[in-house]
Amino acid sequence: KMPLLSDLPAEILHQITRYLVLPQLGFSDAGLCSLRLTCRALCLKTQYEFGRAAFSTLRLDLHPKTLQRLLTICRRPAFGQAVKKIVFAHWGDEYITFPAVSDDERGKGELLETQVQFVLKEIFEEAFSGMPNLKEIVMVSPFVARFRRHEYSLDAGFSQAPQGSDVAFEETYLTMDSLYILLGKAL
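Numbered by this note's numbering, the letters in the sequence shown go through residues 143 to 329 in order.
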């Protein structure tokens with residue numbers, strides 16, 4: 143009787159999985175992912191190789207989905223330990239939207255810039271605590287993240303969506319220097 147792939151020792155599986163990830167392609171090759179999806183035993187036995195291949199270098203911008211992915215990775219010890227390098231890059235002119243606030247909340251609240259820095263610092267502190275093997279942080283120049291928050295007047299009423307002159311925007315920018323300072327505080 144021939145042994146199943148999932149019955150092979152971890153050392154042999156490691157040799158096999160080395161051929162499923164091509165470093166020159168980055169982690170765009172789905173071979174290892176496909177192998178992990180075949181059964182629970184293979185998923186568990188290839189977790190180290192998967193973590194190393196998929197998460198050794200993370201490429202991030204400051205969009206909410208990307209930051210959520212960062213937190214998800216760092217909350218899984220097997221994956222967080224695999225992170226060795228983070229590359230921050232932000233291309234394009236699109237805005238990163240923060241939740242809208244009313245003029246009532248705005249009066250009591252902080253400036254958007256302060257909120258952005260606070261939220262990012264909290265995220266980075268949690269993320270870095272879950273990545274003990276992080277060795278390098280790279281920022282691709284030019285780096286400018288643009289944040290925007292809609293503000294609206296309560297005079298428009300709650301049943302109406304904010305429109306036209308009832309809407310204002312608060313904008314702020316996070317430059318490479320600002321990100322560098324934030325990362326320093328989080329480390």
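Ideal Cβ placement from N, Cα and C applies to all residues, glycine included.
- Query: To which residues does DSSP link lysine 227 through a beta bridge?
  - Reply: Thr199, Glu278
- Identify, in the order they occur along the chain, each residue of the same chain with its Cβ nearer than 8 Å to the Cβ of isoleucine 238, setting aside the five sequence neighbours on each side. Leu204, His205, Pro206, Ala287, Arg288, Phe289, Arg290
- Query: Measuring CB to CB, does threonine 314 end up less than 8 Å from valine 229?
  - Reply: no
- Message: Please state the DSSP three-state secondary structure of serine 301.
- Response: Only weak support exists for where serine 301 lies, its pLDDT of 44 falling under 50; the value from the coordinates is given anyway. It is coil, neither helix nor strand.
- If I'm right that leucine 147 touches threonine 159 with Cβ under 8 Å, what's the distance once you round it to whole angstroms? Contact flag wrong, Cβ pair sits at about 11 Å.
- Query: Roughly how many angstroms lie between the CA atoms of tyrosine 161 and proline 151, to the nearest whole one?
  - Reply: 17 Å
- Task: Please state whether DSSP places alanine 172 in a helix, a strand or coil.
- Result: coil
- Task: Using alpha carbons as the reference points, say which of Phe311, Gln210, Ala220 lies closest to leucine 254.
- Result: Phe311
- Query: Given isoleucine 184, which residues of its chain have a CB within under 7 Å of its CB, disregarding the five upstream and five downstream residues?
  - Reply: First, the amino acid is wrong: residue 184 is leucine here, not isoleucine. Cβ within range, chain order: Leu147, Ser148, Leu177, Arg178.
- Supposed close pair lysine 227, glutamate 278 - CB separation, criterion 8 Å: 4 Å
- Kindly indicate which three-state DSSP category valine 261 falls into: helix, strand or coil? helix
- Item | Own chain, CB closer than 7 Å to glycine 222, minus 5 neighbours either side, in chain order | Ile215, Cys216, Gly272, Met273
- Task: Kindly identify the DSSP beta-bridge partner or partners of leucine 289.
- Result: Leucine is not the amino acid found at residue 289; the sequence shown has phenylalanine there. BP columns for phenylalanine 289 point to Ile238, Thr314.
- leucine 329, buried or exposed, once every other Cβ within 10 Å from all chains shown has been counted against 16: exposed
- Can you round the beta-carbon distance between valine 225 and leucine 186 to whole angstroms, since I take them to be within the 8 Å contact cut? With a Cβ gap of about 20 Å, valine 225 and leucine 186 do not count as contacting.
- Message: Quick check on serine 283: does DSSP put it in helix, strand or coil?
- Response: coil
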